[in-house]
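Okay, so here's the structure we're looking at.
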Amino acid sequence: MAEATAPKPSSSVKLVLLGEAASSLVLRFVNNDFQENKEPTIGAAFLTQKCNLPTRTIKFEIWDTAGQERFASLAPMYYRNAQSALVVYDLTKPTSLIKAKHWVAELQRQASPGIVIALVGNKLDLTNETSGSSNAIGEDGDEAAEPEDDGDARKVSTAEAKTYAEEEGLLFFETSAKNGTNVTEVFTAIANAIPETSLKGARGPGATQSNANRAEDQSRVNLTGPRDNASKEGCAC
Amino acid sequence: MDEIAPEYDVVVLGTGLTECVLSGVLSVKGKKVLHIDRNDHYGGEAASVNIEALFKKYGNYNKGEEPWKKYGRVNDWNIDLVPKLLMSSGELTNILVSTDVTRYLEFKQVAGSYVQQGAGPKATVAKRRMKVFIEWVGAFNLADPATHKGLDMNKCNMKDVYDKFGLEAGTRDFIGHAMALYQTDNYLNESGRAPESIERIRLYGNSVSRYGKSPYIYPLYGLGELPQGFARLSAIYGGTYMLNTNIDEILYDGTKAVGIKATMHDKTGDEPMKFTTKCKKILADPSYFPGKVQVTGQLLKAICILNHPLAGTDNCDSAQLIIPQSQVGRKHDIYIAVVSSAHSVCPKGYYIAIVSTIAETTANHHLELAPGFERLGRIEEKFMGPPIPLYEPLESGINDNIFISKSYDATSHFETTTDDVKDIYRRAEGHDLVVEGLREGTNLVGGE
Ligand SMILES: Cc1cc2nc3c(=O)[nH]c(=O)nc-3n(C[C@H](O)[C@H](O)[C@H](O)COP(=O)(O)OP(=O)(O)OC[C@H]3O[C@@H](n4cnc5c(N)ncnc54)[C@H](O)[C@@H]3O)c2cc1C
Ligand SMILES: Nc1nc2c(ncn2[C@@H]2O[C@H](COP(=O)(O)OP(=O)(O)OP(=O)(O)O)[C@@H](O)[C@H]2O)c(=O)[nH]1
Ligand SMILES: [Mg+2]
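Keeping their order, the protein sequence lines are chains A and B. Residue numbering for the first sequence follows the UniProt record's numbering, starting at 1 and increasing by one per position. Residue numbering for the second sequence follows the UniProt record's numbering, starting at 1 and increasing by one per position.
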């Protein structure tokens, strides 16, 4: 499956998005844009964005829940063949991490076993910390929430979320979609964490199908391609 | 819990394929849709289920046993409840393409399409005459009598057409049942309807020529992916989805439905959420309105698990086999649809074959399907419930604002399902659904 034109090998990776303030994070990553009062997500089948690694290019195919998570009505199709997931919580809302944990459990139940999951606390700009590093270990996150009048709206401590992420084997970051802190870092970390073996060139659903299956795939059909390339001699109708 | 809007343009009940296509299309067209299902999964009667769920649905095992355990990972199974395939040039394919739902799905060709002839599935079609006939179908133009071979298309029937070409009985079976997809031989004697048959044959021919071999395609992970894909389309255009939700009451203003009272049950054990919302109309599958539908027939269906391909099909990973009614002394054809691990619907080495027909007796249903079972050879597991009633709405919905779909019928494809989608759309919206360019002009964010 050599991509003749690409200098580096390029692979598609399906990434599913779950949790709160998630669309904004993707909007920052894909369009480097932010909207203060973003409308609920509408009209986006999925967004795509490339991530350049030293040895290869990862093309993220990012699936938004399109609101189907709202009443716990996500279809199995959403998780199908997802190689990575971004579970976002709003670090200014105490209940948000609890919801994120619910999504992580759901992913562990429904998604492919090898899925790379990143837990992301978003809205870091609403805290009074200047550094958004995810590796802010040592910083005592367990301190009682500071009063909000000093500009800190944080309700979920870094330590609590980080400990949980370590227990579950998740990547962990704190970000701001508003000022861009750590956003590319999240996606680069995910791209690096995807095992080489689960990558392949072609895009499309079923992207994680093992390469062993490719040989017998002549019978796959491309419905959107030119219609009559298959109709040749033999049948007059 | 987020708020439910006080009013929707349309409330849709049931997440079968018909309902999901309608939700998707209506959402794309800017309608505010609330889509509800009483089940905790998408698809209703058109779902695909895993093998444990299938055993539990049919209850064909002793208490305490777990027969699904010998079939590998439960979730490697996606077993369709409706035995259908997609015509590659059919209307459902057109809708999938024009709405871009193809982006969520991957299709594979069905390897073979056969009509039972005597002992085996292979046809001994009189090649030359068949060829002449097929070429004539290709050149046929209803508006040009010069292409009518001297037949009067207003009066003649298909038997006259076949006679004209000197086609043998086996060739007629093949053309009528595999190509024109008739379930009975009634079409042979219907005066003036030959052009319709010719059009059906042309659709088959176009579907075959699109990818070769068989006219059918099939989605990886099973047909249950189809309703999910259209539900996602609807959600992307603002549709709201609620599973696990019971309808407690339909609210009427005079004869017209104007809203619903419902309760959503939370899987995580939270309090059920009761709500009321208004709506301009309701679309629903027949199970939500038992008093507003009638039974038009009974479908017999047996889902069989095999560990070998169908004999006489060149070890195809998938196939359709039609046993014409004339071959087995029946009034309705028997269909066999086979899919396998090549479609990610079961572990390697297994095949799922669904045998189906329209019931013609009130007992001995097993015997009615027997010619189908014989063709399957050794069967590992057989799931066969009582006959499945086929429902149809009593009224169009104009009077009560409740637009009800038909059950999935016995045909082997989705052409009648899309006919129903279009019919409901016309009844509910007052104009025809135009499939071409459905998403053009909509503000699609994202994409490539
Ligand atoms: C859509 C269509 C278009 C055709 N166009 C032409 C044409 O342009 N010229 C021409 O000479 N013949 C045409 N035929 C006729 C056909 O190809 C053969 O005449 C017939 O299949 C028998 O050939 P065979 O014995 O060599 O069968 P095979 O070589 O075994 O089969 C040829 C193909 O026909 C299909 N087929 C064979 N038997 C059956 C059956 N009982 N039920 C369903 N499918 C069957 C097989 O799936 C296979 O793909 C057409 C048939 C179809 C269905
Ligand atoms: N200050 C700040 N606000 C943010 C940030 N990220 C998102 N928001 C705001 O949070 C709100 C919700 O963000 P979305 O990205 O739409 O959240 P979502 O989970 O995708 O929402 P739905 O698609 O409606 O389910 C919007 O008003 C955003 O402007 C951030 O990093 N900082
Ligand atoms: Mg969103």
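Note that beta-carbon positions come from the ideal geometry of N, C-alpha and C, so glycine has one too. Keep in mind that this is a model prediction, so the values were computed, not measured.
Opening and closing residue of the beta strand (DSSP E) in which PRO219/B lies: That run of the beta strand (DSSP E) goes 216-219.
Whole-angstrom distance between ALA85/A and ARG378/B, CA atom to CA atom: Counting only the Cα atoms, ALA85/A lies some 43 Å from ARG378/B.
Consult DSSP for ASP80/B and reduce its assignment to one of helix, strand or coil. Here ASP80/B carries a strand assignment [DSSP, helix/strand/coil].
Taking Cβ-Cβ distances shorter than 7 Å, what residues in chain B pair up with LEU223/A? Here the neighbours are THR93, LEU96, VAL97, THR102, PHE107.
Close-in-space but distant-in-sequence residues of the same chain around PHE248/B (CB under 7 Å, 5 per side omitted): Before going further, note that residue 248/B is Asp rather than Phe in the sequence given. LYS261, ALA262, THR263, listed in sequence order.
Between the alpha carbons of PRO76/A and THR255/B, how many angstroms are there, rounded? Rounded to the nearest whole angstrom, the CA to CA distance from PRO76/A to THR255/B is 39 Å.
Ignoring anything shorter than 4 residues, give me the alpha helix (DSSP H) runs that lie fully in the segment 30-105 of chain B, in order along the chain. Fully enclosed alpha helix (DSSP H) runs of 4 or longer: 51-58, 91-98.
Smallest Cα separation from ILE236/B: which of LEU17/B, ASP9/B, VAL12/B, VAL25/B? ILE236/B has its Cα closest to that of VAL25/B, out of LEU17/B, ASP9/B, VAL12/B, VAL25/B.
Taking the Cβ atom as the reference point for each residue, do residue 452/B and CYS279/B lie within a distance shorter than 7 Å? As shown, chain B starts at 1 and ends at 448. That puts residue 452/B outside it, with no answer to give.
Closer than 8 Å by beta-carbon distance: list the chain A residues that pair up with ARG426/B, in chain order. Chain A residues near ARG426/B: none, gap ~26 Å exceeds 8 Å.
Pair within 7 Å by beta-carbon distance, ASP9/B and LYS29/B: Going by C-beta atoms, ASP9/B is not nearer than 7 Å to LYS29/B.
Under the rule that 16 or more other beta-carbon atoms within 10 Å means buried, what is HIS431/B, buried or exposed? HIS431/B comes out exposed.
So is the beta-carbon of ALA22/A under 6 Å away from any non-hydrogen atom of ligand 2? Yes - ligand 2 has a heavy atom lying nearer than 6 Å to the Cβ of ALA22/A.
Members of the segment 224-250 of chain B that neighbour chain A once the beta carbon cut-off is set at 9 Å: Per Cβ criterion, the list reads GLY224, GLU225, PRO227, GLN228, GLY229, ALA231, ARG232, LEU233, SER234, ALA235, ILE236, TYR237, GLY238, GLY239, THR240, TYR241, MET242, LEU243, ASN244, THR245.
Do you know offhand how far GLY43/B's Cα is from GLU225/B's? Computed Cα separation, rounded: 8 Å.
Consult DSSP for GLU374/B and reduce its assignment to one of helix, strand or coil. DSSP places GLU374/B in helix when its eight states are reduced to three.
Could you list which residues in chain A have their beta carbon closer than 8 Å to that of ALA111/B, in chain order? Simply SER219.
Return the residue from the list GLY397/B, THR99/B, LEU151/B, GLY297/B that minimises the CA-CA distance to THR411/B. Just measuring C-alpha positions, the residue of GLY397/B, THR99/B, LEU151/B, GLY297/B sitting nearest THR411/B is GLY297/B.
Which of helix, strand or coil DSSP assigns to ASN213/A: Low confidence applies here, because ASN213/A scores a pLDDT of 42, under 50, leaving its location unreliable; read the following figure in that light. In the structure shown, ASN213/A falls within a helical segment according to DSSP collapsed to helix, strand and coil.
For a test of your reading of the model: does the CB of LEU376/B fall under 6 Å from any non-hydrogen atom of ligand 2? Yes or no. Distances from the CB of LEU376/B to the heavy atoms of ligand 2 are all 6 Å or more.
Cβ-Cβ separation, VAL115/B to PHE174/B (assumed contact under 8 Å), whole Å: Confirmed, about 5 Å.
What residues in its chain sit with their C-beta under 7 Å from that of PRO227/B, if we drop five residues either side in the sequence? Closer than 7 Å at Cβ, skipping near neighbours: THR15, GLY16, LEU17, CYS20, TYR42, GLY43, ALA46.
Given a cut-off of 7 Å on the beta-carbon distance, is the pair SER219/A and GLN109/B in contact? Against a cut-off of 7 Å, the Cβ pair of GLN109/B and SER219/A comes out as a contact.
Complete beta strand (DSSP E) runs within the segment 274-360 of chain B (minimum length 3 residues, chain order): Listed in chain order, the beta strand (DSSP E) elements of length 3 or more contained wholly in the segment 274-360 of chain B are 293-306, 319-323, 334-340, 351-358.
CYS156/B in three-state terms, based on DSSP: Shown here, CYS156/B sits in coil according to DSSP, grouped into three states, outside any helix or strand.
Meets three-Cβ-pair contact criterion under 8 Å: the segment 423-439 of chain B and the segment 326-344 of chain B: Fewer than three beta-carbon pairs drawn from the segment 423-439 of chain B and the segment 326-344 of chain B are found closer than 8 Å, and the two stretches are therefore not classed as touching.
Quick check: the Cα distance between LEU299/B and GLU395/B, rounded to an integer number of angstroms? The alpha-carbon separation between LEU299/B and GLU395/B amounts to approximately 22 Å.
How about GLU174/A: is its Cβ closer than 6 Å to a heavy atom in ligand 2? GLU174/A Cβ: outside cutoff for every heavy atom of ligand 2.
Residue burial classification, VAL338/B (beta-carbon count within 10 angstroms, cutoff 16): Taking all protein chains shown into account, VAL338/B has 16 or more neighbouring C-beta atoms within 10 Å of its C-beta and is therefore buried.
Please say whether PHE172/A and LEU107/A have beta carbons closer to each other than 7 Å? No.
For GLN35/A, does the three-state DSSP call read helix, strand or coil? Assigned with DSSP and collapsed to three states, GLN35/A falls in coil, not helix or strand.
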